[in-house]
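Its first residue numbered 5, the sequence shown is counted upward by one per residue in my numbering. Built from N, CA and C at the ideal position, the CB exists for glycine as well. Just so we're clear, the structure is a prediction, and the values are computed from it rather than from any experiment. Here's the structure, in structure tokens; my notes come after.
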Amino acid sequence: MRVFLWRALFVWVGGGIVVWRIVVIVFMTSARRERAKHRNKKDDADSQDHDKRRRNYYDFKHTFLLS
5 MRVFLWRALF VWVGGGIVVW RIVVIVFMTS ARRERAKHRN KKDDADSQDH
55 DKRRRNYYDF KHTFLLS
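Structure below.
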């Protein structure tokens, strides 16, 4: 009887861990999806500005640092 109770306890705890992992994974993917939605809603000016900065750094690096 005692062995059965220990096994039942292990199964119950193990099942809880599996369920908890599934809940965390689902929550994280939904949060990531929400952040991506918010990121896509940002106006185009921000992304164009970022591209311009990246292009300027690329030009600087290839002109001065790699010459």
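- Separation of Trp16 and Val27 (C-alpha to C-alpha, rounded to the nearest whole angstrom) is 16 Å.
- Annotation for Val7: no residue places its beta carbon closer than 6 Å to its own, counting only its chain and skipping 5 residues before and after.
- In the displayed model, Met32 falls within a helix according to three-state DSSP.
- Each residue's CA atom was taken as its position, placing Phe14 and Ile29 some 22 Å apart.
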